[in-house]
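Just so we're on the same page, our numbering is the position in the sequence shown counted from 1, plus 11. Ideal Cβ placement from N, Cα and C applies to all residues, glycine included.
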Amino acid sequence: MNSRKKIVMVLGLALGLSVQAQEFQGIAVYQSKTSSAEMKERFANDKNMTPDRQKQIEERMKSMFEKTFILNFDKTASIYKEEEKLDAPGQGGDGRMKMMSSMMGAGGTMYKNVKDKNYTVDKEFMGKDFLVKDSLVKLNWKMEGESRVIGGYNCFKATAVIAMNETDLGNFRPRSDEEKRKEDAAEKEKKTSLLDQIKAPTERVVTAWYSPEIPVNQGPDKYWGLPGLILEINDGKTVILCSKVVLNPKEKASIKAATNGKLINQKDYDATVVKKIKEYRDNNPRPAGGPGGGGGRR
């Protein structure tokens, strides 16, 4: 009889812990920021752009890359979404900025399930809705042994090398004059545009700061895989920093994947984006006066 009671007690405790784990949730608020120096570098090699036009584009790109994101997470899954806000006056009419924002899938919700190792993200690209579903990319994190405090949480440093591709607009850099001369010599007849002048690197080192005091295998955006919530990501140009954490909030979020859009995997989606970028380049050549004049078409 005593042994039976013990078994019942153990089962009850295990069930209680299981329910508690399932109900655990947290909210993390992140701020993303790209340095103004990086913005200036993007167009430094464009001799046709007027200073006023360059400043205008820098300010609009700054607003694109400085945003607030919300991460709702539990023990196994999370949803990561940009905080909605109204555009400032005068920032909604530039077709080039809208296109770049569209390419980056602005406004979508990323769902990550670290238990099943998959993700789903809904993206609107050039007027069409896509539902990208694929396996999570495993990041080979290297523990660096350094520590610091972020928002009252003890954090530890880890680094990883990630691959870039043509759709990573936030990581593009201007092509050098020498690179452009070589390409122009090889393709004299090809039309040029502002997008023709930027080139993506092949890989980048990212630095993460994670806290084991929040024991979830989650982080902002596509980042995950560390023994604690990632509170900061720095890829050398853009920093995503956690400004607030709320554990076990009174109102629980619905942590589920989006369901609307054309189902597609990441490889096919990237191919679609690259194809459309090339079509846009061909159909929207840069005006003779450069981006600084001639109506602002890209």
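Distance CB(residue i)-CB(residue j) smaller than 8 Å
i	j	result
Cys166	Tyr91	no
Ile225	Tyr234	no
Tyr41	Ile251	yes
Ala39	Val216	no
Phe76	Thr249	yes
Gly37	Leu258	yes
Gly272	Phe141	yes
Thr213	Met154	no
Leu240	Ala169	no
N- and C-terminal bounds of the alpha helix (DSSP H) containing residue i
i	result
Thr315	Past the boundaries of the shown model lies residue 315; the chain is included only from 12 to 309, so the question cannot be answered.
Where the beta strand (DSSP E) through residue i begins and ends
i	result
Phe84	78-84
Gly236	Per DSSP, Gly236 belongs to no beta strand (DSSP E) and is neither H nor E.
Thr131	129-136
Gln42	37-45
Asn124	120-124
Buried versus exposed call for residue i [16 or more other C-beta atoms within 10 Å across all chains shown]
i	result
Asn228	buried
Leu242	buried
Arg71	buried
Asp246	buried
Asp293	exposed
Gly138	exposed
Ala219	buried
Pro231	buried
Ser89	buried
Lys202	Low confidence applies to Lys202: its pLDDT is 49, below 50, so where it sits in the model is not reliable, and the reading given next is rough at best. Lys202 is exposed by the Cβ-count criterion.
Val172	exposed
Lys289	exposed
Expected contact under 8 Å - CB spacing of residue i and residue j to nearest Å
i	j	result
Lys134	Val143	6 Å
Gly162	Cys253	6 Å
Lys120	Ala269	Here residue 120 turns out to be Thr, not Lys, going by the sequence shown. Right, the Cβ-Cβ distance comes to about 5 Å (below 8 Å), so this counts as a contact.
Ala264	Asn83	4 Å
Thr87	Val132	Contact doesn't hold; Cβ gap of about 17 Å is too wide.
Asp85	Ile266	6 Å
Tyr11	Asp145	Since the first residue of the chain shown is 12 and the last is 309, residue 11 is not available in this structure.
Ser43	Lys78	5 Å
One or two residues paired with residue i in a DSSP bridge
i	result
Asp140	Glu135
Asn165	Val160
Asn245	Thr218, Val250
Lys153	Thr170
Glu93	Phe80
Leu258	Gly37
Lys267	DSSP lists no partner for Lys267.
Phe274	Note that residue 274 is Leu in the sequence shown, not Phe. Leu274 is bridged to Leu142.
Leu240	Ser222
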